[in-house]
Amino acid sequence: MYRRILITTDASGPSRRAAECGLRLASALGAEVTVLYVSDISEYNLLFSDEREALARDAVSEIASKGVSMGLSGSAEVVEGIAADEIIRKAAGYDAVIVGTAARSDLSRMVIGSVAENVIRRSPCPVIAMRAGIVCPEGFGRVLIATDGSEHTRPAVAHGISVASVLGSKVTALSVAEDRSPSSGFADRATCEAAVARVAEEGAAAGVEVESIVVEGTPWEVIVDMSFDHELTVMGTLGRTGIEHLRWGSVAERTVRNAGCPVMVVRSGSPSPKGGAPGSREGGIHEIKESL
3 MYRRILITTD ASGPSRRAAE CGLRLASALG AEVTVLYVSD ISEYNLLFSD
53 EREALARDAV SEIASKGVSM GLSGSAEVVE GIAADEIIRK AAGYDAVIVG
103 TAARSDLSRM VIGSVAENVI RRSPCPVIAM RAGIVCPEGF GRVLIATDGS
153 EHTRPAVAHG ISVASVLGSK VTALSVAEDR SPSSGFADRA TCEAAVARVA
203 EEGAAAGVEV ESIVVEGTPW EVIVDMSFDH ELTVMGTLGR TGIEHLRWGS
253 VAERTVRNAG CPVMVVRSGS PSPKGGAPGS REGGIHEIKE SL
């Protein structure tokens with residue numbers, strides 16, 4: 003299951019709130035955590051070295067202290083490099099990554115992107131993103147799983163059911179039918195009905211209660227609207243990059259930027275959730291390790 007969770011921070015307000023949500027989720031899942039701050043070498047012009055080091059240590063210490071007060075175990079680390087690259091490199095050894103995301107204009111996003119969206123497209127494990135402006139839920143009693151029935155959403159369905167099973171959550175299986183011809187590549191109503199039925203079957207096998215909903219509309223808009231009635235949204239992504247991504251965007255990324263709750267994004271091809279009991283909480287959070 004989710005034995006190890008990587009919680010990232012850059013000391014900003016959105017990342018602090020996402021980190022607190024990550025701690026709360028780790029506590030509910032019985033997972034150990036690593037709090038990671040990347041001293042981004044692309045930002046040398048903003049702060050002197052001593053200031054960056056102090057900011058980094060304060061940021062991870064604050065989150066680690068909260069984790070200790072919650073009885074969590076794990077470690078806190080400060081590394082130097084390009085933020086997205088270092089997070090993705092570290093994520094290979096974890097079951098999930100927590101990131102916060104701040105609002106950006108369309109132009110700035112196209113030119114430089116955001117660390118969170120870069121991680122979402124490239125992470126080897128599920129990414130739980132929390133946008134600026136929302137509050138972490140007290141619990142995770144209602145989980146929204148969005149699916150179009152395609153292969154690239156199946157790993158997300160598996161992870162969503164697995165999380166709901168451990169947390170004791172109720173699941174809403176949502177599929178959005180678009181008013182376009184089947185030959186255009188968009189899911190029609192029959193495909194959507196089959197997609198939510200598959201989620202219900204997987205839920206029944208795991209002992210998870212599932213409500214199935216099929217509606218017509220624009221996928222990301224419908225998902226965002228329903229996310230405000232849930233504590234966690236789970237969805238898949240193809241992880242498009244380059245020109246194709248700039249032209250078409252990503253339903254997952256649009257959802258992350260507008261959702262009313264944290265969003266777990268699972269890339270196509272991601273491995274299924276690991277089985278086993280939740281991890282131990284003994285030992286506290288270790289001393290800060292630095293790699294500068």
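In terms of the numbering used here, the sequence shown is residues 3 to 294. No residue lacks a Cβ here, since even glycine has one placed at the ideal position from N, Cα and C.
Original post:
Where do the N-terminal and C-terminal ends of the beta strand (DSSP E) with I7 fall, by residue?
Top reply: For the purposes of this step, residue 7 is taken as residue 5 along the sequence shown, with counting starting at 1. Counting along the chain, the beta strand (DSSP E) containing I7 begins and ends at 6-11.
Subject >> Rounded separation between G115 and A254 - CA only >> reply: In the sequence shown, the residue the question calls residue 115 occupies position 113. In the sequence shown, the residue the question calls residue 254 occupies position 252. Model confidence at G115 stands at a pLDDT of 47, short of 50, so the residue's coordinates are unreliable and nothing is read from them.
Original post:
Out of curiosity, what's the CA-to-CA distance linking C194 and E223?
Top reply: Residue 194 sits at position 192 when you count from the first residue of the sequence shown. Residue 223 sits at position 221 when you count from the first residue of the sequence shown. So the alpha carbons of these two residues sit roughly 16 Å apart.
Original post:
Cα separation between G151 and E211?
Top reply: Translated into the one-based positions of the sequence shown, residue 151 becomes position 149. Translated into the one-based positions of the sequence shown, residue 211 becomes position 209. Using only the alpha carbons, I get a separation of about 19 Å.
Original post:
What do you get for D12, buried or exposed, if any count of 16 or more other CB atoms within 10 angstroms of its CB means buried?
Top reply: For the purposes of this step, residue 12 is taken as residue 10 along the sequence shown, with counting starting at 1. It is buried - the Cβ of D12 has at least 16 other Cβ atoms within 10 Å.
Original post:
Roughly how many whole angstroms lie between the Cα atoms of I130 and E218?
Top reply: By one-based count along the sequence shown, residue 130 stands at place 128. By one-based count along the sequence shown, residue 218 stands at place 216. About 26 Å.
Subject >> Three-state secondary structure (DSSP) of T235 >> reply: Within the sequence shown, numbered from 1, the residue matching residue 235 stands at position 233. Residue state, collapsed to three classes: strand.
Original post:
What distance in whole Å lies between the Cβ atoms of I147 and L169, which are believed to be in contact at a cut-off of 8 Å?
Top reply: In the sequence shown, the residue the question calls residue 169 occupies position 167. In the sequence shown, the residue the question calls residue 147 occupies position 145. Contact doesn't hold; Cβ gap of about 13 Å is too wide.
Original post:
Got a sec? Which residues, its chain only, sit under 8 Å from S14 by beta carbon, not counting five neighbours each side?
Top reply: Numbered from its first residue, the sequence shown carries residue 14 at position 12. Cβ neighbours of S14 beyond the five flanking positions: G102, A104.
Subject >> Residue span of the beta strand (DSSP E) that contains T193, given as start and end >> reply: Taking the sequence shown and counting its residues from 1, the one referred to as residue 193 is at position 191. Per DSSP, T193 lies in no beta strand (DSSP E); the unbroken alpha helix (DSSP H) holding it starts and ends at 191-208.
**OP:** Might you give, ordered along the chain, the residues of its own chain that have their beta carbon closer than 8 Å to the beta carbon of P157, omitting 5 neighbours on each side?
**Re:** In the sequence shown, the residue the question calls residue 157 occupies position 155. Closer than 8 Å at Cβ, skipping near neighbours: G238, V268, R269, S270, G271, S272, P273, S274.
Original post:
In the structure shown, what three-state DSSP assignment does S17 receive?
Top reply: Translated into positions along the sequence shown, residue 17 becomes position 15. Three-state DSSP puts S17 in a helix.
**OP:** Tell me whether the beta-carbon of I9 lies closer than 7 Å to the beta-carbon of V40.
**Re:** To locate residue 9, count along the sequence shown from 1; it is residue 7. To locate residue 40, count along the sequence shown from 1; it is residue 38. Not a contact, by the Cβ cut-off of 7 Å.
Subject >> Assigned secondary structure, A166 (DSSP; H/G/I helix, E/B strand, else coil) >> reply: As a working mapping, residue 166 is identified with position 164 in the sequence shown. Residue state, collapsed to three classes: helix.
Original post:
By how many angstroms is the C-alpha of R191 removed from the C-alpha of P139?
Top reply: One-based indexing of the sequence shown puts residue 139 at position 137. One-based indexing of the sequence shown puts residue 191 at position 189. If you take the alpha carbons of P139 and R191, they lie about 32 Å apart.
Subject >> Cβ separation of E180 and A189, assumed to be a contact under 8 Å, to the nearest whole Å >> reply: In the sequence shown, counting from the first residue as 1, residue 180 sits at position 178. In the sequence shown, counting from the first residue as 1, residue 189 sits at position 187. Contact flag correct, Cβ pair sits at about 7 Å.
Subject >> Residues near A30 by beta carbon distance below 7 Å, same chain, minus five either side >> reply: Position 28 of the sequence shown holds residue 30. Within the same chain, A30 has close Cβ partners F142, L169.
Original post:
So, is N120 buried or exposed, given that buried needs 16 or more other C-beta atoms within 10 angstroms?
Top reply: Position 118 of the sequence shown, counting from 1, holds the residue named residue 120. N120 is buried by the Cβ-count criterion.
Subject >> S63 versus A196 - alpha carbon distance >> reply: Residue 63 sits at position 61 when you count from the first residue of the sequence shown. Residue 196 sits at position 194 when you count from the first residue of the sequence shown. Spanning the two alpha carbons is a distance of roughly 48 Å.
Subject >> V236 classed as buried or exposed, judged by whether at least 16 other C-beta atoms fall within 10 angstroms >> reply: By one-based count along the sequence shown, residue 236 stands at place 234. Buried is the call here.
**OP:** Classify E153 as buried or exposed, calling it buried when 16 or more other Cβ atoms lie within 10 Å of its own Cβ.
**Re:** Counted from its first residue, the sequence shown places residue 153 at position 151. E153 is exposed by the Cβ-count criterion.
**OP:** Tell me whether G69 sits in a helix, a strand or coil according to DSSP, three-state version.
**Re:** As a working mapping, residue 69 is identified with position 67 in the sequence shown. G69 falls in the helix class under three-state DSSP.
Original post:
How many angstroms separate the CA atom of A86 from the CA atom of K92?
Top reply: Translated into positions along the sequence shown, residue 86 becomes position 84. Translated into positions along the sequence shown, residue 92 becomes position 90. Roughly 10 Å separates the two Cα atoms.
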